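Asker:
Protein chains: 2
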Amino acid sequence: MLKIGVIGVGTVGTAVVRILHDNKEMITARAGREVMVKRGVVRSLQKDRGLDIALSTDPYDFVNHPAIAIVVELMGGVEGPFDIVKKALENGKAVVTANKALLAYHRYELQELAKEVPFEYEASVAGGIPIINALRDGLSANHIESIVGIMNGTCNYMMTKMTEEGVDFDAILKESQELGYAEADPTFDIGGFDAAHKLLILASIAYGIDAKPEDILIEGIEEVTQEDIAFAKEFGYAVKLLGIAKRDGDEVELRVHAALISKERMIAKIDGVMNGISVVGDRVGETLYYGPGAGGDATASAVVANIIDIARSGRHTAMLGYNKPLENGLKLKSTDAIVTKYYLRISVEDRPGVLAQITKLFGEYTISIETMLQRPASGGYANLLFSTHEAKEGNMKEVLSAIESLPFVSGRPVMIRIV
Amino acid sequence: MLKIGVIGVGTVGTAVVRILHDNKEMITARAGREVMVKRGVVRSLQKDRGLDIALSTDPYDFVNHPAIAIVVELMGGVEGPFDIVKKALENGKAVVTANKALLAYHRYELQELAKEVPFEYEASVAGGIPIINALRDGLSANHIESIVGIMNGTCNYMMTKMTEEGVDFDAILKESQELGYAEADPTFDIGGFDAAHKLLILASIAYGIDAKPEDILIEGIEEVTQEDIAFAKEFGYAVKLLGIAKRDGDEVELRVHAALISKERMIAKIDGVMNGISVVGDRVGETLYYGPGAGGDATASAVVANIIDIARSGRHTAMLGYNKPLENGLKLKSTDAIVTKYYLRISVEDRPGVLAQITKLFGEYTISIETMLQRPASGGYANLLFSTHEAKEGNMKEVLSAIESLPFVSGRPVMIRIV
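Protein chains in written order, with our numbering: chain D, 1 to 419; chain L, 1 to 419.
(1) Just reading off the beta strand (DSSP E) that D:Arg30 is part of, what are its end residues?
(2) Can you tell which of D:Gly276, D:Leu344, D:Glu175 has the C-alpha that lies nearest to the C-alpha of D:Gly128?
(3) Using a threshold of 8 angstroms, state whether the C-beta atoms of L:Ala141 and D:Val17 are closer than that.
(4) Using a C-beta cutoff of 8 angstroms, does L:Ser140 count as contacting chain D?
(5) Taking Cβ positions, are L:Ile261 and L:Val419 nearer each other than 8 angstroms?
(6) Applying a beta-carbon distance threshold of less than 8 angstroms, which residues of chain D neighbour L:Arg247?
(7) Who pairs with D:Glu90 in a beta bridge, going by DSSP?
(8) How many Å lie between D:Pro66 and D:Val339 at the Cα?
(9) In chain L, which residues lie less than 7 angstroms from D:Pro325 when you measure between Cβ atoms?
(10) Classify D:Arg412: buried if its beta carbon has 16 or more other beta carbons within 10 angstroms, exposed otherwise.
(11) Using the Cα positions of L:Ala230 and L:Glu164, report the straight-line distance between them to the nearest angstrom.
(12) Per DSSP, L:Leu344 is paired with what?
(13) Starting from L:Tyr381, follow its DSSP beta bridges and name the residues at the other end.
(14) Label D:Gly329 either buried or exposed according to how many other C-beta atoms from any shown protein chain fall within 10 Å of its C-beta, with 16 as the threshold for buried.
(15) Within the same chain, show all residues whose beta-carbon is closer than 6 angstroms to that of D:Leu320, passing over the 5 residues directly before and after it, in chain order.
(16) For the segment 264-277 of chain D, enumerate the residues whose C-beta is nearer than 7 angstroms to any C-beta of chain L, in chain order.
(17) Are the beta-carbon atoms belonging to D:Ala298 and L:Arg265 less than 8 angstroms from one another?
(18) In chain order, what residues of the same chain lie with their CB nearer than 6 angstroms to the CB of D:Leu373, ignoring the 5 residues before and after it?
(19) What's the call for D:Lys331, buried or exposed, on a 16-neighbour Cβ count within 10 Å?
(20) Is the beta carbon of L:Thr388 closer than 8 angstroms to that of L:Tyr342?
(21) Figure out for me which residue from L:Glu175, L:Leu51, L:Arg33, L:Glu219 has the closest Cα to the Cα of L:Phe188.
(22) Please report the distance separating the alpha-carbon of D:Glu145 from that of D:Leu135.
(23) Can you list the beta strand (DSSP E) stretches of 3 or more residues lying completely in the segment 254-309 of chain L, in chain order?
(24) To the nearest angstrom, how far is it from the Cα of L:Gly166 to the Cα of L:Ile172?
(25) List, in order along the chain, the chain L residues whose C-beta lies closer than 7 angstroms to that of D:Asn23?
(26) Restricting to runs no shorter than 3 residues, where is the beta strand (DSSP E) found entirely within the segment 83-150 of chain D?
(27) Between D:Lys333 and D:Val252, which are expected to be in contact by the criterion C-beta below 8 angstroms, what is the C-beta distance as a whole number of angstroms?
(28) Could you tell me the alpha carbon to alpha carbon distance between L:Ala123 and D:Leu139, rounded to whole angstroms?
(29) Under the rule that 16 or more other beta-carbon atoms within 10 Å means buried, what is L:Asn433, buried or exposed?
(30) Less than 8 angstroms between the C-beta atoms of L:His316 and L:Pro118, yes or no?
(31) Tell me which same chain residues have a C-beta within less than 7 angstroms of the C-beta of D:Arg43, skipping the five on either side of it?
(32) Per DSSP, which one or two residues make a beta bridge with L:Tyr237?
(33) Among the candidates D:Lys115, D:Tyr105, D:Asn99, whose CA atom is the shortest distance from the CA of D:Gly91?
(34) Where does L:Val167 sit, in a helix, a strand or coil, going by DSSP?
(35) Pull up the DSSP beta-bridge partners for L:Thr371, would you.
(36) Check whether the Cβ atoms of L:Ile53 and L:Lys3 sit closer than 8 angstroms, and answer yes or no.
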């Protein structure tokens with residue numbers, strides 16, 4: 001029998017215990033032996049979880065316990081779990097985690113520590129979708145050209161609702177919080193940070209890129225309005241929070257932001273709280289993976305899959321999928337060098353000459369306009385909506401700053417990238 | 001260095017050799033050692049394939065060659081490759097195959113033979129989509145409730161074209177043959193047999209069901225007309241060839257047929273030659289896998305992924321994903337016991353009393369109608385189009401046979417199941 005200790009017996013941890021119990025016969029057949037959670041670490045022993053496992057409050061309780069073969073880390077945080085997981089690996093325990101923040105900061109150190117023992121983390125990206133599995137093993141023959149992912153269910157739910165129901169951002173956020181789809185402090189989700197953690201993990205598997213959240217472009221969905229969504233609809237786009245990793249020669253761009261994406265693409269058809277990740281490989285072309293990105297059972301499904309894999313094969317694939325550094329040292333592209341199309345919304349005083357001055361500025365910064373719409377706003381103002389041809393992020397930032405300082409421009413211009 | 005022999009150096013085999021050559025640096029990093037095709041078996045030595053490998057025409061050439069560690073079987077057929085692969089396994093060679101027909105007939109014997117050596121077959125189902133990987137490893141914590149797959153690109157291309165362009169089946173078939181999407185003899189694809197082979201492989205991983213193609217319901221898309229597609233559009237359905245595996249208590253139903261499926265479902269949004277497979281697990285809910293189901297490079301991507309996996313981990317997961325029989329011996333449901341909704345098209349003489357007699361028959365066989373349309377046809381005939389509530393396949397067969405024998409009914413009624 002393979003014995004497991006779970007650090008953090010909350011929603012996901014409880015679901016892990018229950019799946020291993022409820023689906024025991026099948027899991028034993030697949031794993032080739034019995035697998036069972038024997039111990040758990042919790043914050044408080046007061047609460048009755050209705051589980052038949054030994055509980056303690058010491059997170060170091062079983063990192064050196066001879067009976068425990070696999071440590072499952074579900075406590076959250078970065079430095080706390082890093083220290084615990086490190087000790088477990090040093091003690092020869094296999095580790096399974098769902099902790100994306102831990103990996104966003106420490107995945108390369110963990111790969112070093114996990115050279116001799118399995119370290120698995122399927123649940124850290126896109127919950128129940130086996131995307132680590134697919135990218136690391138299923139697509140391993142390919143140079144990865146790009147990854148485009150809807151990796152945050154909260155944002156996708158909100159963008160879908162805004163699109164379908166025409167409701168404003170603030171109202172949808174409130175509703176999402178009431179439904180439990182958004183946290184009381186929603187910044188981590190709607191600011192793009194959650195998606196960025198996941199993107200960094202995928203980018204390491206695909207490209208061997210060692211970047212941290214603070215190194216890459218991260219924006220959220222907070223500025224998206226009904227006007228932007230109307231524009232997107234009119235020109236055949238959906239609005240999504242996307243995580244994007246893209247290779248360009250020996251550079252890789254990594255970015256998370258709201259984006260307009262053609263409705264024709266499979267990934268644009270993913271609505272509601274669901275997640276999806278499109279991966280383009282040089283040989284296979286595009287493949288896409290769709291499913292629930294969160295939820296206790298879906299996340300636990302991925303955790304238990306890792307446990308079964310460790311139990312049955314004793315396999316040991318290098319944590320990030322490569323045993324030697326990947327070829328030709330890819331580097332992170334600087335944010336200013338990113339090239340994409342843009343959608344812009346600029347609020348201006350509704351008087352003659354305004355459009356001419358703005359378009360003149362675009363010309364000076366070599367930004368070329370593809371479409372333009374003017375919509376009346378209240379109080380003598382109008383909204384100018386543009387989409388551009390491909391332009392450099394650096395130029396775009398400069399032109400937007402120049403436009404913002406024009407006397408007839410009201411507020412900060414809003415920019416959404418087009419993918 | 002890990003040396004490989006490829007039996008069958010056609011489109012896929014050549015792509016395997018090229019990927020291992022072109023992506024060598026990256027593959028070496030992932031596999032942890034160099035991997036190379038050293039020998040190939042071909043039908044004729046006349047053709048210059050431009051490859052730097054030793055060729056012979058004897059398929060038994062390297063099943064016992066000491067230098068070859070992995071035998072890649074890409075020759076096609078059933079009994080021929082079975083004998084060769086058997087010998088390779090007996091000689092301790094790892095085997096990788098893309099041969100769905102081989103597995104549709106011999107997967108359980110092969111699993112027995114491959115107890116001590118890896119036998120991998122990712123490319124046998126849905127080409128470049130790592131669905132074996134996902135189902136066997138990624139979703140292993142789940143009882144699988146259902147699998148619904150678009151697993152034949154030819155059929156999906158034809159159904160998409162018929163829907164988008166309003167062209168008749170025969171014209172699209174001709175065009176597909178000219179484009180190389182359909183074979184000169186298209187029966188294997190459009191008759192549903194190709195999809196059935198793939199479905200049987202997936203059903204073994206999910207349910208441990210040992211069925212052969214002749215045991216299950218297999219129908220094709222040959223009878224779908226523009227009239228059916230118009231009906232489907234009107235009621236919010238897409239028309240697809242689907243492979244379906246579904247658990248119902250201790251029975252599993254397996255079937256391949258044209259189907260009407262709600263346009264709202266992700267799988268209904270998969271168009272053109274692309275493949276997609278939706279899997280519902282008891283814990284994870286629905287996940288879906290999308291990508292190219294055929295093509296030399298896409299198929300080779302899956303073959304090489306298997307090779308890398310064998311090279312890097314020396315892993316050995318049981319071929320079908322379980323080391324002991326799966327629990328509670330699931331049985332194949334008899335075709336007549338399948339319950340689903342139906343769409344029916346019946347050509348009748350356009351005169352009073354006809355509809356009454358047909359609906360009376362429905363009542364006698366306890367089949368309840370949900371919608372009904374009558375459309376005029378040529379020569380004094382009309383087409384009656386029905387959709388039913390859920391009914392038993394056995395009852396449906398009987399009522400259709402009774403309807404066919406009515407004097408005013410012309411030709412055989414056409415039935416398409418609704419999913």
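Even glycine gets a Cβ: it sits at the ideal position worked out from N, Cα and C.
Small disclaimer: the values here were computed from a predicted structure and weren't measured.
Answerer: Checking against the coordinates, here is how it stands:
(1) As a position in the first sequence, residue 30 of chain D is number 30, starting the count at 1. That residue, D:Arg30, is in no beta strand (DSSP E); its alpha helix (DSSP H) goes 24-31.
(2) Start at 1 with the first residue of the first sequence, and residue 128 of chain D comes out as number 128. Looking at the Cα atoms, D:Gly276 is the closest of the given residues.
(3) Stepping through the second sequence from its first residue, residue 141 of chain L is reached at position 141. Stepping through the first sequence from its first residue, residue 17 of chain D is reached at position 17. It is not a contact, given that the beta carbons lie outside the stated cut-off.
(4) For the purposes of this step, residue 140 of chain L is taken as the residue at position 140 of the second sequence. For L:Ser140, at least one C-beta of chain D is nearer than 8 angstroms to its own C-beta.
(5) By 1-based counting over the second sequence, the position of residue 261 of chain L is 261. By 1-based counting over the second sequence, the position of residue 419 of chain L is 419. Yes. Within cutoff.
(6) Looking up residue 247 of chain L in the second sequence gives position 247. Simply none; closest approach about 12 angstroms.
(7) Translated into positions along the first sequence, residue 90 of chain D becomes position 90. Per DSSP, none; premise fails for D:Glu90.
(8) Residue mapping note: residue 66 of chain D aligns to position 66 of the first sequence, counting from 1. Residue mapping note: residue 339 of chain D aligns to position 339 of the first sequence, counting from 1. Approximately 54 angstroms between the Cα atoms of the pair.
(9) Taking the first sequence and counting its residues from 1, the one referred to as residue 325 of chain D is at position 325. Those are Ala29, listed as they occur along chain L.
(10) Your numbering for residue 412 of chain D matches position 412 in the first sequence. By the neighbour-count rule (16 or more Cβ atoms within 10 Å), D:Arg412 is not buried but exposed.
(11) Residue numbering aside, residue 230 of chain L sits at position 230 when the second sequence is read from its first letter. Residue numbering aside, residue 164 of chain L sits at position 164 when the second sequence is read from its first letter. Each residue's alpha carbon lies about 11 angstroms from the other.
(12) Residue numbering aside, residue 344 of chain L sits at position 344 when the second sequence is read from its first letter. Answer is L:Phe386, L:Met415, bridged to L:Leu344.
(13) As a first step, residue 381 of chain L must be located in the second sequence, where it is residue number 381. Answer is L:Glu349.
(14) In the first sequence, residue 329 of chain D corresponds to position 329, counting from 1. D:Gly329 should be labelled exposed.
(15) By one-based count along the first sequence, residue 320 of chain D stands at place 320. Gln111, Ser204, Ile205.
(16) Met266, Lys269
(17) If you number the first sequence from 1, residue 298 of chain D lands on position 298. If you number the second sequence from 1, residue 265 of chain L lands on position 265. No. Outside cutoff.
(18) As a working note, residue 373 of chain D is residue 373 in the first sequence. So the qualifying residues of the chain are Leu385.
(19) One-based indexing of the first sequence puts residue 331 of chain D at position 331. Label assigned to D:Lys331: exposed.
(20) The residue labelled residue 342 of chain L in the question sits at position 342 within the second sequence. The residue labelled residue 388 of chain L in the question sits at position 388 within the second sequence. Cβ distance < 8 angstroms, so L:Tyr342 and L:Thr388 count as in contact.
(21) Stepping through the second sequence from its first residue, residue 188 of chain L is reached at position 188. Minimum Cα distance to L:Phe188 is reached at L:Glu219.
(22) Residue 145 of chain D sits at position 145 when you count from the first residue of the first sequence. Residue 135 of chain D sits at position 135 when you count from the first residue of the first sequence. A straight line joining the alpha-carbon of D:Glu145 with that of D:Leu135 spans about 12 angstroms.
(23) 274-281, 285-292
(24) Numbered from its first residue, the second sequence carries residue 166 of chain L at position 166. Numbered from its first residue, the second sequence carries residue 172 of chain L at position 172. Whole-angstrom Cα-Cα distance: 10 angstroms.
(25) For the purposes of this step, residue 23 of chain D is identified with residue 23 of the first sequence, where counting begins at 1. Listed along chain L, the residues sitting closer than 7 angstroms to D:Asn23 by beta-carbon distance are Ala141, His143.
(26) For the segment 83-150 of chain D, the full-length beta strand (DSSP E) segments reaching 3 residues or more read 94-97, 144-150 along the chain.
(27) As a working mapping, residue 333 of chain D is identified with position 333 in the first sequence. As a working mapping, residue 252 of chain D is identified with position 252 in the first sequence. Taking the Cβ atoms as the reference, D:Lys333 lies roughly 6 angstroms from D:Val252, within the contact range of under 8 angstroms.
(28) In the second sequence, the residue the question calls residue 123 of chain L occupies position 123. In the first sequence, the residue the question calls residue 139 of chain D occupies position 139. Taking the straight line from one Cα to the other gives about 12 angstroms.
(29) Here chain L has residues from 1 to 419 only, and residue 433 of chain L is not among them.
(30) In the second sequence, the residue the question calls residue 316 of chain L occupies position 316. In the second sequence, the residue the question calls residue 118 of chain L occupies position 118. In contact: L:His316 and L:Pro118 (Cβ atoms closer than 8 angstroms).
(31) Numbered from its first residue, the first sequence carries residue 43 of chain D at position 43. Cβ neighbours of D:Arg43 beyond the five flanking positions: Thr57.
(32) Counting from 1 along the second sequence, the entry for residue 237 of chain L is found at position 237. For L:Tyr237, which the question treats as bridged, DSSP gives the partners L:Ser262.
(33) Residue numbering aside, residue 91 of chain D sits at position 91 when the first sequence is read from its first letter. Rather than Gly, the amino acid found at residue 91 of chain D in this sequence is Asn. Cα-wise, what sits closest to D:Asn91 is D:Lys115.
(34) Position 167 of the second sequence, counting from 1, holds the residue named residue 167 of chain L. It is coil, neither helix nor strand.
(35) Translated into positions along the second sequence, residue 371 of chain L becomes position 371. According to DSSP, which records beta bridges pairwise, L:Thr371 is partnered with L:Ser387.
(36) Position 53 of the second sequence holds residue 53 of chain L. Position 3 of the second sequence holds residue 3 of chain L. For L:Ile53 and L:Lys3, no; Cβs fall outside 8 angstroms.
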